[in-house]
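Have a look at the structure below before the remarks.
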Amino acid sequence: MKKLLCCFIILCLSVCSFSTIQAVEVENDNVDIMAVAAAMYIKGETSLKFSGGYAGSSYQLFNAPSGAEFRWSIVGSGNCYCYPNGDYCSINVYSPGSYRLVCDVYVNGVRIDGVTTYITVMP
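Each residue of the sequence shown is one higher than the last, beginning at 293 in the numbering used here.
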């Protein structure tokens with residue numbers, strides 16, 4: 293049993309010593325991705341009042357790098373829709389509840405961050 297355990301450990305060590313980790317470098321026009329990701333935020337109402345069968349508001353992403361692409365999405369406890377327009381997005385929700393609005397930011401086709409804000413719609 294000890295020989296089998298010893299052989300297993302030697303095998304694991306030899307596999308680990310031959311394995312390599314490769315880093316993929318992405319051309320990003322000298323954008324400091326970590327600094328950009330830390331500085332981005334979504335500005336807009338986080339608490340809405342349900343009235344007349346729906347609630348709506350507008351949101352904007354700030355401090356995004358120039359030339360970035362944006363993909364907005366919203367999920368939550370009821371029917372909800374977002375209408376993206378670059379770094380700006382408007383939403384409509386059709387039932388009270390909790391929602392999460394996300395803007396995924398891409399630079400040169402590479403996702404650098406997903407910025408999130410949480411929205412509560414009160415009855």
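For every residue, glycine included, the Cβ atom is placed at its ideal position computed from N, Cα and C. Just so we're clear, the structure is a prediction, and the values are computed from it rather than from any experiment.
Hey, how far is the Cα of residue i from the Cα of residue j?
i	j	result
threonine 409	glycine 344	24 Å
alanine 331	leucine 393	18 Å
glycine 348	leucine 340	8 Å
cysteine 372	valine 407	18 Å
alanine 360	aspartate 379	9 Å
serine 369	tyrosine 386	10 Å
asparagine 355	tyrosine 333	7 Å
proline 357	valine 367	25 Å
isoleucine 404	tyrosine 398	6 Å
glycine 401	proline 415	40 Å
isoleucine 411	aspartate 396	17 Å
serine 390	valine 413	6 Å
glutamate 337	leucine 353	13 Å
When DSSP labels each residue in this structure, what does residue i get in the three-state scheme?
i	result
alanine 347	strand
Is the beta carbon of residue i sitting closer than 8 Å to the one on residue j?
i	j	result
cysteine 381	tyrosine 346	no
proline 388	phenylalanine 342	yes
What span of residues does the beta strand (DSSP E) with residue i cover, start to end?
i	result
glycine 370	No beta strand (DSSP E) contains glycine 370, which DSSP labels as neither H nor E.
aspartate 379	Element bounds for aspartate 379: n/a, residue is neither H nor E.
methionine 414	402 to 414
glycine 359	Premise fails: glycine 359 is in no beta strand (DSSP E) and is neither H nor E.
Among the residues of its own chain, which have a CB less than 6 Å from the CB of residue i, if the five just before and after it don't count?
i	result
asparagine 384	Tyr346, Gly348 and Tyr373
arginine 363	Asp396
serine 365	Val394
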